[in-house]
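Structure record follows, encoded as structure tokens.
Protein chains: 2
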Amino acid sequence: MLKINQNRLWNRLMTMAEIGGTPKGGVCRVALSEEDKRGRDLFIEWCTAAGCTVEVDPMGNIFARRAGIDPNLPAVMIGSHLDSQPTGGKFDGVYGVLAGLEVIECLNDHNVKTKHPIEIVSWTNEEGARFAPAMIGSGVFAGTFSLDYAYSRTDKEGKTLGEELVKIGYQGTAPLGQRAYKATFEIHIEQGPILEAEEKSVGIVTGVQGIHWYDLILTGKETHAGPSPMSYRVDPVKAAIPVLQQVYQLAETYAPHARVTIGYLDASPGVKNTVPGQLKISLDLRHPDADILEQMDSDLKSIIAEVSEHTTVQSELEDIWYSPPVAFDPNCITAVQAAVDQLQIPAMQMVSGAGHDAVYLAGYAPTSMIFIPCEDGLSHNELENAFPEDVEAGTNVLLHATLSMAEQLE
Amino acid sequence: MLKINQNRLWNRLMTMAEIGGTPKGGVCRVALSEEDKRGRDLFIEWCTAAGCTVEVDPMGNIFARRAGIDPNLPAVMIGSHLDSQPTGGKFDGVYGVLAGLEVIECLNDHNVKTKHPIEIVSWTNEEGARFAPAMIGSGVFAGTFSLDYAYSRTDKEGKTLGEELVKIGYQGTAPLGQRAYKATFEIHIEQGPILEAEEKSVGIVTGVQGIHWYDLILTGKETHAGPSPMSYRVDPVKAAIPVLQQVYQLAETYAPHARVTIGYLDASPGVKNTVPGQLKISLDLRHPDADILEQMDSDLKSIIAEVSEHTTVQSELEDIWYSPPVAFDPNCITAVQAAVDQLQIPAMQMVSGAGHDAVYLAGYAPTSMIFIPCEDGLSHNELENAFPEDVEAGTNVLLHATLSMAEQLE
Chain P
119 MLKINQNRLW NRLMTMAEIG GTPKGGVCRV ALSEEDKRGR DLFIEWCTAA GCTVEVDPMG
179 NIFARRAGID PNLPAVMIGS HLDSQPTGGK FDGVYGVLAG LEVIECLNDH NVKTKHPIEI
239 VSWTNEEGAR FAPAMIGSGV FAGTFSLDYA YSRTDKEGKT LGEELVKIGY QGTAPLGQRA
299 YKATFEIHIE QGPILEAEEK SVGIVTGVQG IHWYDLILTG KETHAGPSPM SYRVDPVKAA
359 IPVLQQVYQL AETYAPHARV TIGYLDASPG VKNTVPGQLK ISLDLRHPDA DILEQMDSDL
419 KSIIAEVSEH TTVQSELEDI WYSPPVAFDP NCITAVQAAV DQLQIPAMQM VSGAGHDAVY
479 LAGYAPTSMI FIPCEDGLSH NELENAFPED VEAGTNVLLH ATLSMAEQLE
Chain A
119 MLKINQNRLW NRLMTMAEIG GTPKGGVCRV ALSEEDKRGR DLFIEWCTAA GCTVEVDPMG
179 NIFARRAGID PNLPAVMIGS HLDSQPTGGK FDGVYGVLAG LEVIECLNDH NVKTKHPIEI
239 VSWTNEEGAR FAPAMIGSGV FAGTFSLDYA YSRTDKEGKT LGEELVKIGY QGTAPLGQRA
299 YKATFEIHIE QGPILEAEEK SVGIVTGVQG IHWYDLILTG KETHAGPSPM SYRVDPVKAA
359 IPVLQQVYQL AETYAPHARV TIGYLDASPG VKNTVPGQLK ISLDLRHPDA DILEQMDSDL
419 KSIIAEVSEH TTVQSELEDI WYSPPVAFDP NCITAVQAAV DQLQIPAMQM VSGAGHDAVY
479 LAGYAPTSMI FIPCEDGLSH NELENAFPED VEAGTNVLLH ATLSMAEQLE
């Protein structure tokens, strides 16, 4: 059976990790930064050397195509992202892009021709760490967001996504969307502990959890810490405590699949000797079942309403983003399962807890995902790690799932 | 009886408030900023025009002296600060400095001579908003901190106080400390609601609450929000909830004088879809009784130790600053009380809830404070306001307390 070249793939992962590499061994290659630009440049250089035709669309998404025998047939696409969290790791996103390139390199090495073209895509700003919402490049491609909306997103310094895209030279001219795909695959580290605990090398991903993002804004009265008696205060931090308590309780009520994450609590003005006038709390709720996620949304609103009755602090819940649960395409799942069986790799079916570009692609073309384990389930962390044997096994599964869809010619 | 010129004082307060003035009517004149420099320059210009001799020490503290008949006698000093909170008001600090200048202007107007010199001081970085700890200029002057320690303090961007002092041109050459004072007064807005509620124009301040500042650092495990089951997480935000709850409880246990303030909760990395690896919580505990404040400190440590037993999140309590409760000088208090009586101003004795430069001065020379009300008790807030009649009444009390100590010559 055809096998990928693990050394080449691993070396490229390590080379890419040097761009934005951090002292702790992680990566800071935040979307549309100077590092992101350098990562993109290197990826395009490799794709061009591998004989691909490269195009960039107005969202900065990069498409590298290996021709098939019949140029009129829809491509089989493999995509993920090159951007990282501010304190991210070497594998999140980049593995999916470079594994796709390795599939093409492997076909080149063995002079394999396919009926359908094969296309590798790197999507812009998957992480959402600099510009919210996440997965905006694939979202615009698939028609979920407008280009204008994406361009108007701002980072913490007030810079817009549109300006920054132009600044790094990646506002391309390829038509937006309008690409026909027979199937799309995304391979990614699991970003959770399950595969490692179950001693599997590959996860056959059948769908993705739904995600709901909010900002809860609690507004009190900014006052000096010393002279105001406690009873005179309108303190948003104090008011937040019962909210936080009950929000975490949601994860227990809807266990084991519910996830509740509070990423930040930004007090303003945020100095030691001032009772904050405002506290902004991020909420990330997830569940694989749309009905339960809706119930969690409704519970959240009740919690806030109830707590509001017992305080003079004002509360406002901003609905930032909702990504419904996704069920992947049965044919794509079957292609991955068949590759796993052929290769005799220890694997299991599972649901993704994280959002991925594949979520938006699933609404555009038949799509599924492949996971490999990451050490200790750590991700969005500089210590994120994946084992070479899993990186290799996953990419071989990707190779054969892709070949079955792209129709290898003997 | 001699009275100050309220129009001149009020106009100067409003002119100074334009430097760093905010759209909401507040002031952002943070220590050692460009605005702080402009405020200092204007103050020195006014003092020089009023015939004062101006000196600056290596901490950037500004001393403006009106000569007395006998240059060998210790001065009577009136001091406060020109720096503000990032979202501060028009009166906090600056009132104490310009009221002092108005006392000198009034004596000039009426050609009054005093036996002792009178000195106005503006202390560097009272607020501690940019460089912690607060009151560092008066603290170095009085010998509580070393100059090197002060110079090494950094702001959030990593700039040191020493560098920034040089940058605005206020690292002076006057000998540090070594100034003899017969008495020192600080007049300030109350920054609390008591005087207004009691319908008094002046507070005769007999002492200051003790203050204890900490950073509580909770360290968990930074992980991706979606894929990590709740039971695998080590989440510092979740671990913080029972700590926050019990810390606020301290204020009730030691009511009514105890104060508990949480100024910020900084999650790191602070993005929506990552369980924070670390949460840094500021704690500000205050009480006028040193024994009770020590008990609160001990209770705080027990709370953290107990919560630590029930979580794998690591906790560390950093002791940032302690300012013991202060009892002011009986003779200074008597001088203020006598001025209040002479002027027949509605007044009451009280304890300050906030720290002030007078706390460090009290360890250096006989010292007391005068308060005036501020609207709704609001301070460290752009809406901070004081009424002209109270500004006038307080300054007249300051004038006569100063005159009784400086010994007016008929």
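Protein chains in written order, with the working numbering: chain P, 119 to 528; chain A, 119 to 528.
The beta-carbon is built from N, C-alpha and C at its ideal position, and this holds for glycine as well.
Selection from the options that minimises the alpha carbon distance to residue i
| i | options | result |
| --- | --- | --- |
| M195 (chain P) | P:V509, P:L479, P:N125 and P:N499 | P:L479 |
| V174 (chain A) | A:A182, A:A167 and A:P406 | A:A182 |
| R126 (chain A) | A:N190, A:F161, A:A185 and A:E220 | A:E220 |
| E317 (chain P) | P:Q526, P:M487 and P:E493 | P:E493 |
| N499 (chain A) | A:C170, A:G214 and A:E245 | A:E245 |
| V509 (chain A) | A:Q363, A:D210 and A:Q364 | A:D210 |
| M134 (chain P) | P:V212, P:P192 and P:F446 | P:V212 |
| S349 (chain A) | P:G481, P:P311 and P:V365 | P:P311 |
| Q363 (chain P) | P:V425, P:D415 and P:V323 | P:V425 |
| E153 (chain A) | A:I137, A:H330 and A:L501 | A:I137 |
| L313 (chain A) | A:G157, A:D415, A:Q467 and A:E370 | A:Q467 |
| A250 (chain P) | P:H330, P:A185, P:A217 and P:I222 | P:H330 |
| D437 (chain A) | A:G261, A:V323 and A:D333 | A:D333 |
| V320 (chain P) | P:P491, P:Y366, P:G144 and P:D415 | P:P491 |
Bridge-paired residues (DSSP) for residue i
| i | result |
| --- | --- |
| M466 (chain P) | P:G321 |
| G328 (chain A) | A:H405 |
| I398 (chain A) | What sits at residue 398 (chain A) in the sequence shown is Lys, not Ile. Looking at the DSSP assignment, K398 (chain A) forms a beta bridge with A:I335 and A:D384. |
| S420 (chain P) | Answer is none; S420 (chain P) lacks a bridge partner. |
| Y440 (chain P) | P:H330 |
| E434 (chain A) | A:I335 |
| E237 (chain A) | A:R183 and A:M195 |
| L527 (chain A) | A:K231 |
| H342 (chain P) | P:T392 |
| H306 (chain P) | P:F489 |
| G206 (chain A) | A:V145 |
| T242 (chain P) | T242 (chain P) is not bridged to any residue. |
| Y533 (chain P) | The structure shown does not extend to residue 533 (chain P), since chain P spans only 119 to 528, so no value can be given for it. |
Exposure of residue i, with buried meaning 16 or more beta-carbon neighbours within 10 Å
| i | result |
| --- | --- |
| K208 (chain A) | buried |
| G276 (chain A) | exposed |
| D409 (chain A) | exposed |
| N129 (chain A) | exposed |
| N190 (chain A) | exposed |
| P141 (chain P) | exposed |
| S486 (chain A) | buried |
| Q296 (chain A) | exposed |
| A252 (chain A) | buried |
| I187 (chain P) | exposed |
| Q327 (chain A) | buried |
| L336 (chain P) | buried |
Any non-hydrogen atom of the ligand SAM closer than 7 Å to residue i Cβ
| i | result |
| --- | --- |
| G255 (chain A) | Of the ligands one can find in the structure shown there are none, so the ligand SAM has no counterpart to examine. |
Where residue i meets chain B, residues with beta-carbon distance less than 7 Å
| i | result |
| --- | --- |
| D437 (chain A) | As a matter of chain content, chain B is missing from the structure shown, whose protein chains are P and A. |
Could you tell me whether the region 435-454 of chain P touches the region 268-286 of chain P, where touching means 3 or more Cβ pairs closer than 8 Å?
No contact exists between the region 435-454 of chain P and the region 268-286 of chain P.
Any chance the region 503-517 of chain P sits against the region 354-362 of chain P, with 3 or more Cβ pairs inside 8 Å?
Between the region 503-517 of chain P and the region 354-362 of chain P there are fewer than three inter-stretch CB-CB distances shorter than 8 Å, so the stretches are not counted as touching.
When you compare the region 119-128 of chain P with the region 509-518 of chain P, are there three or more beta-carbon pairs, one atom per stretch, that lie closer than 8 Å?
Yes: the two stretches touch, three or more of their Cβ pairs being nearer than 8 Å.
With three or more beta-carbon pairs closer than 8 Å as the criterion, would you say the region 455-475 of chain A touches the region 300-312 of chain P?
For the pair of segments examined, the region 455-475 of chain A was found not to touch the region 300-312 of chain P: the number of CB pairs separated by less than 8 Å stays below three.
Evaluate the contact criterion for the region 391-398 of chain P versus the region 332-343 of chain P: three or more CB pairs, one atom per stretch, below 8 Å.
Verdict: yes, contact present.
Decide if the region 373-391 of chain P is in contact with the region 201-218 of chain A; the criterion is three or more beta carbon pairs, one per stretch, under 8 Å apart.
In short, these stretches touch, since the Cβ pair count reaches three.
Which residues of the region 370-392 of chain A have a Cβ closer than 9 Å to any Cβ of chain P? Give them in chain order.
Going along the region 370-392 of chain A in chain order, one finds E370, A373, P374, H375, A376, R377, V378, T379, I380, G381, Y382, L383, D384, A385, S386, P387, G388, V389, K390, N391 and T392 with a Cβ nearer than 9 Å to chain P.
Which residues, taken in chain order from the region 342-360 of chain A, show a beta carbon closer than 7 Å to some beta carbon of chain P?
Those would be H342, A343, G344, P345, S346, P347, M348, Y350, V355, K356 and I359, in chain order.
Taking 8 Å as the threshold, find out whether the region 275-287 of chain P comes into contact with the region 230-237 of chain P through three or more Cβ pairs.
No, because fewer than three Cβ pairs between the region 275-287 of chain P and the region 230-237 of chain P fall closer than 8 Å, the two stretches do not touch.
Which residues of the region 299-333 of chain A have a Cβ closer than 8 Å to any Cβ of chain P? Give them in chain order.
Here the close residues are E308, Q309, G310, P311, I312, Q327, I329 and W331.
Interface positions of the region 197-226 of chain P facing chain A (Cβ-Cβ less than 7 Å), listed along the chain:
Residues passing the 7 Å Cβ filter: Q203, P204 and T205.
Compile a chain-ordered list of the residues in the region 486-504 of chain P whose CB is closer than 8 Å to at least one CB of chain A.
For the region 486-504 of chain P, which is checked against every Cβ of chain A, the residues closer than 8 Å are G495, L496, S497, H498 and N499.
Specify whether the region 401-421 of chain A and the region 372-384 of chain A touch according to this definition: at least 3 beta carbon pairs, one from each stretch, less than 8 Å apart.
Between the region 401-421 of chain A and the region 372-384 of chain A, the count of C-beta pairs closer than 8 Å reaches three or more; the two stretches touch.
Report yes or no: do three or more beta-carbon pairs, one from the region 286-294 of chain A and one from the region 160-178 of chain A, lie closer than 8 Å?
Yes: at least three Cβ pairs fall under 8 Å.
Is the number of C-beta pairs between the region 241-257 of chain A and the region 422-435 of chain P that are closer than 8 Å three or more?
No: fewer than three Cβ pairs fall under 8 Å.
Closer than 9 Å between beta carbons: that is the criterion. Which residues of the region 144-161 of chain P meet it against chain A?
Residues passing the 9 Å Cβ filter: none.
Members of the region 457-478 of chain P that neighbour chain A once the beta carbon cut-off is set at 8 Å:
For the region 457-478 of chain P, which is checked against every Cβ of chain A, the residues closer than 8 Å are S470, G471, A472 and G473.
Chain-ordered residues of the region 252-283 of chain P with a beta carbon less than 8 Å from chain A:
Answer in chain order: A252.
Quick one: which residues of the region 506-519 of chain A get their C-beta closer than 7 Å to a C-beta of chain P? List them in chain order.
Flagged: no residues at all.
Select from the region 429-453 of chain P all residues with a C-beta closer than 7 Å to any C-beta belonging to chain A, and list them in chain order.
Answer set for the region 429-453 of chain P: empty.
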